[in-house]
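Trainee: First the structure, then my questions, so here it is.
There are 2 protein chains.
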Amino acid sequence: MRVLSKATVYGLRALVYMASERERTGYVSIGEIAEKLNISFHFLTKTFQTLTQHGILESYRGPNGGVALTKPAEQLFLTDIVHVLEGADFFDKCLLGLPGCGVEAPCPVHDFWKEAKRAMKEEFDITSLAELGEKVSDERFRLVA
Amino acid sequence: MRVLSKATVYGLRALVYMASERERTGYVSIGEIAEKLNISFHFLTKTFQTLTQHGILESYRGPNGGVALTKPAEQLFLTDIVHVLEGADFFDKCLLGLPGCGVEAPCPVHDFWKEAKRAMKEEFDITSLAELGEKVSDERFRLVA
DNA sequence: TGTATTTAAGACAATTTTGTCCCAAAACTA
DNA sequence: TAGTTTTGGGACAAAATTGTCTTAAATACA
Numbered sequence: 016m017r018v019l020s021k022a023t024v025y026g027l028r029a030l031v032y033m034a035s036e037r038e039r040t041g042y043v044s045i046g047e048i049a050e051k052l053n054i055s056f057h058f059l060t061k062t063f064q065t066l067t068q069h070g071i072l073e074s075y076r077g078p079n080g081g082v083a084l085t086k087p088a089e090q091l092f093l094t095d096i097v098h099v100l101e102g103a104d105f106f107d108k109c110l111l112g113l114p115g116c117g118v119e120a121p122c123p124v125h126d127f128w129k130e131a132k133r134a135m136k137e138e139f140d141i142t143s144l145a146e147l148g149e150k151v152s153d154e155r156f157r158l159v160a
Numbered sequence: 016m017r018v019l020s021k022a023t024v025y026g027l028r029a030l031v032y033m034a035s036e037r038e039r040t041g042y043v044s045i046g047e048i049a050e051k052l053n054i055s056f057h058f059l060t061k062t063f064q065t066l067t068q069h070g071i072l073e074s075y076r077g078p079n080g081g082v083a084l085t086k087p088a089e090q091l092f093l094t095d096i097v098h099v100l101e102g103a104d105f106f107d108k109c110l111l112g113l114p115g116c117g118v119e120a121p122c123p124v125h126d127f128w129k130e131a132k133r134a135m136k137e138e139f140d141i142t143s144l145a146e147l148g149e150k151v152s153d154e155r156f157r158l159v160a
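As they're listed, the protein sequences go chains U and V.
Read left to right, the first sequence gives residues 16 to 160 (the numbering used here).
Read left to right, the second sequence gives residues 16 to 160 (the numbering used here).
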């Protein structure tokens, strides 16, 4: 059951890593993150550019440059990231791929899937990068194989 | 939020269509299904071959041939189909893509995701092709755009 | 001013998924 | 037996995703 693209997975892991380094001030370099999380630097850079263009990150070039969250991690939720990286219709798709699936003309699994999406979105709405970052700082949780 | 590949989506829709034609006896031709559901005949054929090889369908060649469910639609559940088309580990994957994510070394969203997968699997376990086929026969639900 | 560091951006390749096509094999019909 | 229908299976193409690389632009610092 794969729900997120690799681009989104890498982006999320990287953001949580940043949130887990809470005490640090200033920018974190993409190279450091890529190395720590063992993911492709160039690939992550592209995902981060998307996040920067959509106001999740701000970036700064040159020595001691890098990226930083535009808001406190307490105010950035999974839904925000997923909306940017997967599209605004992320929680609004038919399980059977039918275009206008809805109350008008639902597919046979519409009701169940609607509820599953609602529960999922609810959790994504309240889960902040700060919460996940803390878990990682606490050691018992990991971001890398 | 895309959970199933197109191959699986097409396969599922086709199986539900077959279940919805309950009164019919004998084989249903793949060509008919593909036409009715407006999906690629060749693509569907490949998916159906997989289902045949795994005992979900039985096939018969020649005039009046086609495919048929090996068991009554009441005894075929979404989990069975998904296991064949998506793999046996379908309900066992980490949201962040980490290989051995589990109680030992969980990712920071492990607990939530575990519960979401459990709820999803529970529904897939109890939803039969018969149930979905009936909904489609009842007209209020559709399988095609 | 020149060099090193770091993100920005795009070209390009590799891989996976999706889709198309052709021919063989099986079965029926005349 | 010949011809038609239908699935089986593989080759192949197209598209999307993932991954790599190169160059440019911005910034700091000596």
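Using N, Cα and C, we set each Cβ at its ideal position, and we do this for glycine too.
Excluding sequence positions up to five away, which residues of its chain have a Cβ less than 8 Å from the Cβ of threonine 85 (chain U)?
Mentor: Closer than 8 Å at Cβ, skipping near neighbours: Gly70, Ile71, Leu72, Glu73.
Trainee: Looking at phenylalanine 92 (chain V) and proline 123 (chain U), is the spacing between their C-beta atoms short of 8 Å?
Mentor: For proline 123 (chain U) and phenylalanine 92 (chain V), no; Cβs fall outside 8 Å.
Trainee: Using a cut-off of 8 Å between C-beta atoms, extract the partners of lysine 21 (chain U) located in chain V.
Mentor: Residues of chain V passing the Cβ test: Gly112.
Trainee: With a threshold of 8 Å, are at least 3 pairs of Cβ atoms found where one atom belongs to the segment 133 to 141 of chain V and the other to the segment 35 to 44 of chain U?
Mentor: Verdict: no, contact absent.
Trainee: 8 Å is my cut-off, CB to CB: does lysine 132 (chain V) come that close to chain U?
Mentor: So yes, lysine 132 (chain V) belongs to the interface.
Trainee: Would DSSP call glutamate 73 (chain V) helix, strand or coil?
Mentor: Here glutamate 73 (chain V) sits in strand by DSSP.
Trainee: Going by C-alpha distance, which of U:Asp140, U:Val97, U:Leu110 is nearest aspartate 126 (chain U)?
Mentor: Considering only alpha carbons, the answer is U:Leu110.
Trainee: Exposed or buried, what is proline 87 (chain V) when buried is set at 16 or more other beta-carbons lying within 10 Å of its beta-carbon?
Mentor: Exposed, by the Cβ-count rule.
Trainee: Any C-beta of chain V within less than 7 Å: which residues of the segment 85 to 112 of chain U qualify?
Mentor: Hits within the stretch, in order: Phe105, Phe106, Lys108, Leu110, Leu111, Gly112.
Trainee: Would DSSP call valine 99 (chain V) helix, strand or coil?
Mentor: Helix, per DSSP.
Trainee: Cβ atoms of arginine 28 (chain V) and leucine 158 (chain V): under 8 Å apart, would you say?
Mentor: A contact, by the Cβ cut-off of 8 Å.
Trainee: Using a 10 Å radius around the Cβ and a threshold of 16 neighbouring Cβ atoms, would you call phenylalanine 105 (chain V) buried or exposed?
Mentor: Phenylalanine 105 (chain V) is buried by the Cβ-count criterion.
Trainee: Cα-Cα, which of U:Tyr32, U:Ser20, U:Lys21, U:Val18 is closest to serine 143 (chain U)?
Mentor: Comparing Cα-Cα distances from serine 143 (chain U) to each of U:Tyr32, U:Ser20, U:Lys21, U:Val18, the minimum goes to U:Tyr32.
Trainee: Tell me the residue span of the alpha helix (DSSP H) that contains alanine 134 (chain U).
Mentor: 125 to 141 is the span of the alpha helix (DSSP H), which, as asked, contains alanine 134 (chain U).
Trainee: Considering threonine 147 (chain V), what are the terminal residues of the alpha helix (DSSP H) in which it resides?
Mentor: At residue 147 (chain V) the sequence reads leucine, which differs from the threonine that was named. 144 to 152 is the span of the alpha helix (DSSP H), which, as asked, contains leucine 147 (chain V).
Trainee: Taking its Cβ as the centre, do 16 or more other Cβ atoms sit within 10 Å of glycine 148 (chain U), making it buried, or is it exposed?
Mentor: Per the 10 Å Cβ criterion, buried.
Trainee: In the DSSP output, which residue or residues are listed as bridge partners for glycine 81 (chain V)?
Mentor: Per DSSP, V:Tyr75.
Trainee: Could you please give the first and the last residue of the uninterrupted alpha helix (DSSP H) stretch that includes threonine 62 (chain V)?
Mentor: Counting along the chain, the alpha helix (DSSP H) containing threonine 62 (chain V) begins and ends at 56 to 68.
Trainee: May I ask you to report which of helix, strand or coil DSSP gives valine 24 (chain V)?
Mentor: In this structure, valine 24 (chain V) counts as helix in the three-state DSSP scheme.
Trainee: Output needed for phenylalanine 139 (chain U): all residues of its chain with C-beta closer than 6 Å, excluding positions within five of it in sequence on either side, in chain order.
Mentor: Hits under 6 Å: Leu93, Thr94.
Trainee: What are the start and end residues of the alpha helix (DSSP H) that includes leucine 52 (chain U)?
Mentor: First-last of the alpha helix (DSSP H) with leucine 52 (chain U): 45 to 52.
Trainee: Tell me whether the beta-carbon of arginine 17 (chain U) lies closer than 8 Å to the beta-carbon of lysine 108 (chain V).
Mentor: In contact: arginine 17 (chain U) and lysine 108 (chain V) (Cβ atoms closer than 8 Å).
Trainee: For lysine 15 (chain V), which residues from the same chain have a beta carbon less than 6 Å from its beta carbon, with the 5 sequence-adjacent residues on both sides left out?
Mentor: The question about residue 15 (chain V) has no answer here: the residues shown for chain V are numbered 16 through 160.
Trainee: For glutamate 50 (chain V) and chain U, any beta-carbon pair shorter than 8 Å?
Mentor: Not closer than 8 Å to any Cβ of chain U, the Cβ of glutamate 50 (chain V) fails to qualify, so no.
Trainee: Report the option in U:Gly102, U:Glu154, U:Ala145, U:Glu146 whose CA atom is closest to the CA atom of glutamate 119 (chain V).
Mentor: It is U:Glu154.
Trainee: If you check the beta carbons only, do leucine 19 (chain U) and glutamate 146 (chain U) fall under 8 Å apart?
Mentor: No, the Cβ-Cβ distance between leucine 19 (chain U) and glutamate 146 (chain U) is not below 8 Å.
Trainee: Cβ atoms of leucine 66 (chain V) and isoleucine 48 (chain V): under 8 Å apart, would you say?
Mentor: No.
Trainee: What's the call for serine 55 (chain U), buried or exposed, on a 16-neighbour Cβ count within 10 Å?
Mentor: Serine 55 (chain U) comes out exposed.
Trainee: Give the interface partners of valine 24 (chain V) over in chain U, defined as CB-CB distance under 7 Å, in chain order.
Mentor: Simply Leu111, Gly112.
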